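First residue of the sequence shown? That's 428 in my numbering, and the numbers climb one at a time after it.
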Amino acid sequence: MNSLVKFVQDEFVEKKEYPQFGAGDTITVYYEIREGEKKRTQFFRGVVLQRKGSGSSETFTIRKMSGTIGVERIFPINLPALQKIEVNKKGKVRRARIFYFRGLTGRKARIKERRG
428 MNSLVKFVQD EFVEKKEYPQ FGAGDTITVY YEIREGEKKR TQFFRGVVLQ RKGSGSSETF
488 TIRKMSGTIG VERIFPINLP ALQKIEVNKK GKVRRARIFY FRGLTGRKAR IKERRG
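Here it is in structure tokens:
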């Protein structure tokens, strides 16, 4: 049964190519918003907290600061409204899921940039 689900996901879900990114990276996600008849592109730029799942059900969580309030958003990797993903900075972290980042403020909330 599990292999049947995987087969259907591989065949019928269209895959888009996105750059490699992981926890600690700063990325910009461009996605389409429909408001009635109008469509517009909006972007969300922030630090990736985690990538979760595999295949067509994979998601990633991004956190950004809007003023003094932290805003988190979960994006499915196969969201049809997702237009493109840009990697702005590669971050150097030791964990795959950096939830401790939520509690950090000021200079402690900085992530060093990975070289190369």
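Note that beta-carbon positions come from the ideal geometry of N, C-alpha and C, so glycine has one too.
Remember, predicted model here, so these are calculated numbers, not experimental data.
- By the neighbour-count criterion, in which 16 or more other beta carbons inside 10 Å mark a residue as buried, residue 476 falls on the buried side.
- With a cut-off of 8 Å on Cβ pairs, the region 447–454 is in contact with the region 514–527, counting three or more such pairs.
- With 16 or more neighbouring CB atoms inside 10 Å of its own CB, residue 487 falls in the buried class.
- Taking each of 478, 430, 443 and 541 in turn and checking the Cα distance to residue 507, the smallest one comes out for 443.
- By the beta-carbon neighbour count (other beta carbons within 10 angstroms, threshold 16), residue 460 is exposed.
- Secondary structure at residue 477: strand, using DSSP grouped into helix, strand and coil.
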